[in-house]
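K.L.:
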Amino acid sequence: MRTLLLSVALTLGSASALTLSKPAVYTVPGADSHLAAFLPGGQVAVDADNAVMILDQNLKTVRAWYGLQGAVQALSASPDGTRVAALGRDRWVVWDARTGQEVRSGTPEYDTTLAFAADGSLLMLNDGTLTRVDLQSGQTTDLLGDGEAYDVRVSADGTLAAVIYEDRVDLVALADAQVVASSAISDEWDGLEATFSPDAQAAVIRTGSETLILRGGAEPTEVEGGEDLSLEGSVVFLNDAQFLYAEYGEGQLFDAQTGEAVGDALELDTFDTLIGGPDGQVLSLGGSVGRLTLDALDAPARPQVKLPSGNTWTGAFIGGVPHAGLGEFINLKTGKTLNVGNRDRLYAAETQGAQVWTLNGSGAVNVYRAGKIVKLPALSSKVDFETLHTSPDGRYATVSGYEGLALLDGQTAKIVAQFTAAQLKVEDIHDALPTTDGKAVLVIPHEGNPLRLDVKTGKTQAAVKLPADASSDELQQSRGGTLAVAYSVDDAPFVALVKPGATTAFKTLKFTADVRALRFSPDGKLLAVLTNDAKNALHVFDTASGTLLARAGQFSLRTNLLTWSDTGTQLMVGAGQVGQPGSVSVYDVKR
Numbered sequence: 001m002r003t004l005l006l007s008v009a010l011t012l013g014s015a016s017a018l019t020l021s022k023p024a025v026y027t028v029p030g031a032d033s034h035l036a037a038f039l040p041g042g043q044v045a046v047d048a049d050n051a052v053m054i055l056d057q058n059l060k061t062v063r064a065w066y067g068l069q070g071a072v073q074a075l076s077a078s079p080d081g082t083r084v085a086a087l088g089r090d091r092w093v094v095w096d097a098r099t100g101q102e103v104r105s106g107t108p109e110y111d112t113t114l115a116f117a118a119d120g121s122l123l124m125l126n127d128g129t130l131t132r133v134d135l136q137s138g139q140t141t142d143l144l145g146d147g148e149a150y151d152v153r154v155s156a157d158g159t160l161a162a163v164i165y166e167d168r169v170d171l172v173a174l175a176d177a178q179v180v181a182s183s184a185i186s187d188e189w190d191g192l193e194a195t196f197s198p199d200a201q202a203a204v205i206r207t208g209s210e211t212l213i214l215r216g217g218a219e220p221t222e223v224e225g226g227e228d229l230s231l232e233g234s235v236v237f238l239n240d241a242q243f244l245y246a247e248y249g250e251g252q253l254f255d256a257q258t259g260e261a262v263g264d265a266l267e268l269d270t271f272d273t274l275i276g277g278p279d280g281q282v283l284s285l286g287g288s289v290g291r292l293t294l295d296a297l298d299a300p301a302r303p304q305v306k307l308p309s310g311n312t313w314t315g316a317f318i319g320g321v322p323h324a325g326l327g328e329f330i331n332l333k334t335g336k337t338l339n340v341g342n343r344d345r346l347y348a349a350e351t352q353g354a355q356v357w358t359l360n361g362s363g364a365v366n367v368y369r370a371g372k373i374v375k376l377p378a379l380s381s382k383v384d385f386e387t388l389h390t391s392p393d394g395r396y397a398t399v400s401g402y403e404g405l406a407l408l409d410g411q412t413a414k415i416v417a418q419f420t421a422a423q424l425k426v427e428d429i430h431d432a433l434p435t436t437d438g439k440a441v442l443v444i445p446h447e448g449n450p451l452r453l454d455v456k457t458g459k460t461q462a463a464v465k466l467p468a469d470a471s472s473d474e475l476q477q478s479r480g481g482t483l484a485v486a487y488s489v490d491d492a493p494f495v496a497l498v499k500p501g502a503t504t505a506f507k508t509l510k511f512t513a514d515v516r517a518l519r520f521s522p523d524g525k526l527l528a529v530l531t532n533d534a535k536n537a538l539h540v541f542d543t544a545s546g547t548l549l550a551r552a553g554q555f556s557l558r559t560n561l562l563t564w565s566d567t568g569t570q571l572m573v574g575a576g577q578v579g580q581p582g583s584v585s586v587y588d589v590k591r
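Take the sequence shown: its letter number 267 is residue 267 in the working numbering, and every next letter is one higher.
1. Does DSSP put residue 8 in a helix, in a strand, or in coil?
2. Under 8 Å between the Cβ atoms of residue 95 and residue 103?
3. Per DSSP, which one or two residues make a beta bridge with residue 507?
4. From residue 186 to residue 237, what does the alpha carbon distance come to, in whole angstroms?
5. For the beta strand (DSSP E) containing residue 550, name the first residue and the last one.
6. Taking only three categories from DSSP, how would you classify residue 422?
7. Helix, strand or coil: how does DSSP classify residue 13 here?
8. So what does residue 344 bridge to, in DSSP terms?
9. Mapping the DSSP letters down to three states, classify residue 585 as helix, strand or coil.
10. Under 6 Å Cβ to Cβ from residue 164, same chain only, skipping five residues before and after it: list those, please.
11. What are the complete beta strand (DSSP E) segments, minimum 3 residues, inside the stretch 416-471?
12. DSSP on residue 265, reduced to helix/strand/coil?
13. Quick check: the Cα distance between residue 88 and residue 501, rounded to an integer number of angstroms?
14. Let me know the secondary structure DSSP gives residue 2 once reduced to three states.
15. So for residue 193, helix, strand or coil by DSSP?
16. Tell me whether residue 26 is buried or exposed, calling it buried when 16 or more other Cβ atoms sit within 10 Å of its Cβ.
17. Kindly indicate which three-state DSSP category residue 296 falls into: helix, strand or coil?
18. Let me check understanding here. Comparing Cα to Cα, which of 48, 569, 54 and 260 lies closest to residue 320?
19. Is the distance from the Cβ of residue 284 to the Cβ of residue 296 below 8 Å?
20. Mind checking whether the beta-carbon of residue 357 lies closer than 7 Å to any heavy atom of the ligand GDP?
21. Closest to residue 265 by CA distance: which of 212, 459 and 252 is it?
22. Report all residues from its chain with a CB closer than 8 Å to the CB of residue 148; omit the five preceding and five following residues, and keep chain order.
23. Please state if the CB of residue 31 and the CB of residue 234 are separated by a distance shorter than 8 Å.
24. Using alpha carbons as the reference points, say which of 73, 135, 106 and 98 lies closest to residue 113.
25. Buried or exposed: where does residue 256 fall if 16 or more other Cβ atoms within 10 Å of its Cβ makes it buried?
26. To which residues does DSSP link residue 357 through a beta bridge?
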């Protein structure tokens with residue numbers, strides 16, 4: 001689906017006129033879902049990256065909201081099903097589930113979570129205290145925690161809450177805030193997950209270091225092997241007497257009274273998160289949303305759908321046509337997927353010129369050029385390669401991991417050189433970039449200034465001298481040799497512009513939000529910077545002067561995908577626009 005959205009084009013600075021047009025916004029499938037709240041009539045609210053969507057019994061979309069900029073951190077439905085609430089990084093919202101209208105919203109604290117009480121009021125944990133919010137008046141009332149609660153989980157009917165403190169976890173009846181069960185916990189706990197029984201009388205509590213069953217009026221029960229039931233797994237009650245723990249396609253039944261394992265381990269058809277609901281409903285959540293049934297959890301989910309994604313992390317202009325996806329390259333004009341190689345467990349991809357470089361989980365590197373895939377020789381198996389960056393013309397690429405790096409030549413399909421972190425005398429390698437001529441590699445070590453590695457001699461020297469206590473994150477080099485280095489000092493983000501042959505910045509750009517990506521235009525005259533800014537995330541600078549020429553973009557989700565077309569007349573950001581569906585924004589750049 002392609003949607004054109006209106007956006008104000010800005011012209012700033014005096015170096016040259018530049019405008020960013022209204023973006024063309026495209027949508028691709030593959031949103032990540034990990035939260036669900038069940039509604040009457042078989043409907044369910046789920047997260048889809050930054051969006052909240054209501055799906056019907058057949059998982060067809062009934063309604064969707066796109067007002068959050070980051071991933072959904074909490075999702076809840078009122079017990080009567082008339083309200084849906086969601087929490088993002090910068091905003092929480094309550095909607096009317098039937099009309100889609102916003103009921104109330106606000107700004108969360110750093111540790112906020114939310115749920116609904118039995119009477120339909122909103123429950124929010126703010127700064128260690130669970131409060132009740134009247135949705136009509138907005139008035140808040142403190143319930144429990146007294147500033148010392150670390151996290152809270154609430155039952156779907158709003159009657160019980162599991163509350164974790166520094167040294168214990170409580171099961172609380174919300175009607176009168178009375179503790180009905182409590183247990184001391186290990187000081188090695190990592191978090192809180194609570195799954196409530198269908199009768200809302202008990203809860204399976206996971207802390208990352210132990211698993212307990214808390215039941216009102218009873219002593220806590222330890223679950224057999226509970227230290228192995230991680231926070232990333234799923235607990236689903238089959239009935240009040242038994243529950244299933246599932247993770248990575250395997251499951252185990254447990255007695256909900258004794259905590260003892262029941263029978264042998266089970267093989268499941270899904271590796272995704274499982275969430276149980278009323279009337280035997282079970283959802284599998286991940287890269288798709290599917291329905292399971294309690295009596296056939298080992299069967300494939302039916303139906304199963306992929307929801308619209310809020311972002312992409314792989315993308316390129318191939319043959320002048322924008323392609324993007326989640327680990328793949330979908331033609332945004334036709335919807336067809338282009339095979340550029342290494343599509344299985346794709347770790348990284350980058351495009352320069354007419355070449356698409358890819359790196360997959362096995363360490364294999366391919367180059368896609370003019371419709372052909374060139375496979376490069378196998379790299380050292382002693383390094384887990386995770387990053388890939390190319391030279392401005394796309395001929396050279398450097399892949400790196402903590403233990404080492406390799407310089408590759410896409411024209412000859414050869415490995416030019418490989419180095420270990422020990423050879424470079426650094427603790428770890430965090431990133432690496434080949435220079436324009438392929439004779440050197442720019443390296444970001446674990447600490448200290450970025451280094452310039454001479455490939456022939458293996459010697460290193462400072463590539464750029466940053467301020468004391470600076471921590472560098474990413475670097476890019478233009479065709480003309482200008483270097484851009486993203487770094488931070490005391491959490492304040494900067495980009496240093498360094499002229500060819502110099503080691504100190506001639507211009508330092510300061511930002512109000514973290515820098516996510518840097519990309520020079522093909523001719524090297526412009527530098528695009530993608531940040532976490534809520535209102536203007538995309539910035540374009542004049543390379544020669546460092547003058548800000550344009551800014552734009554209220555993006556729906558954080559992404560690192562930022563890439564230019566070969567002509568430098570288009571710029572792609574791997575995210576949609578706030579308030580609308582979309583996965584990719586493509587700007588026309590006019591100079």
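The beta carbon of each residue, even a glycine, is placed where N, CA and C say it ideally should be. Source: prediction; values computed, not measured.
P.N.:
To lay it out plainly:
1. For residue 8, the predicted structure reports a pLDDT of 35, less than 50, and the residue's modelled location is therefore unreliable. A value from the coordinates is still provided. Coil, per DSSP.
2. Yes; because the gap between Cβ atoms is below 8 Å, this pair is in contact.
3. DSSP, once it has assigned bridges, lists 497 as partnering residue 507.
4. Looking at the two C-alpha atoms, the distance is approximately 25 Å.
5. Here the beta strand (DSSP E) through residue 550 covers 548-552.
6. In the structure shown, residue 422 sits in a helix (DSSP, three-state: H, G or I).
7. Confidence at residue 13 is low in this model, with a pLDDT of 44, below 50, so the placement of that residue should be treated as unreliable; the coordinate-derived value is given next. Three-state DSSP puts residue 13 in coil, outside helix and strand.
8. Residue 344 pairs with nothing; no bridge assigned.
9. Reduced to three states, the DSSP call for residue 585 is strand.
10. Closer than 6 Å at Cβ, skipping near neighbours: 150, 151 and 192.
11. If we require 3 residues or more, the beta strand (DSSP E) runs fully inside the stretch 416-471 come out as 429-434, 440-445, 451-454 and 460-462.
12. Strand, per DSSP.
13. Cα to Cα, residue 88 sits roughly 44 Å from residue 501.
14. Residue confidence is low: residue 2 scores 41 on pLDDT, short of 50, so the model does not pin down where it sits. No coordinate-derived value is stated.
15. The answer is strand: DSSP assigns residue 193 an E or B state.
16. Around the beta-carbon of residue 26, 16 or more other beta-carbon atoms lie within 10 Å, marking it buried.
17. Shown here, residue 296 sits in a helix according to DSSP, grouped into three states.
18. Between residue 320 and the set 48, 569, 54 and 260, the nearest pair of CA atoms involves 569.
19. No, they are not a contact pair.
20. This structure lacks the ligand GDP, and indeed carries no ligand of any kind.
21. The candidate whose alpha carbon is nearest that of residue 265 is 252.
22. The answer, listed in chain order, is 128, 165 and 166.
23. No, they are not a contact pair.
24. With respect to the C-alpha of residue 113, the residue from 73, 135, 106 and 98 having the closest C-alpha is 73.
25. Residue 256 should be labelled buried.
26. Residue 357 is bridged to 350 and 367.
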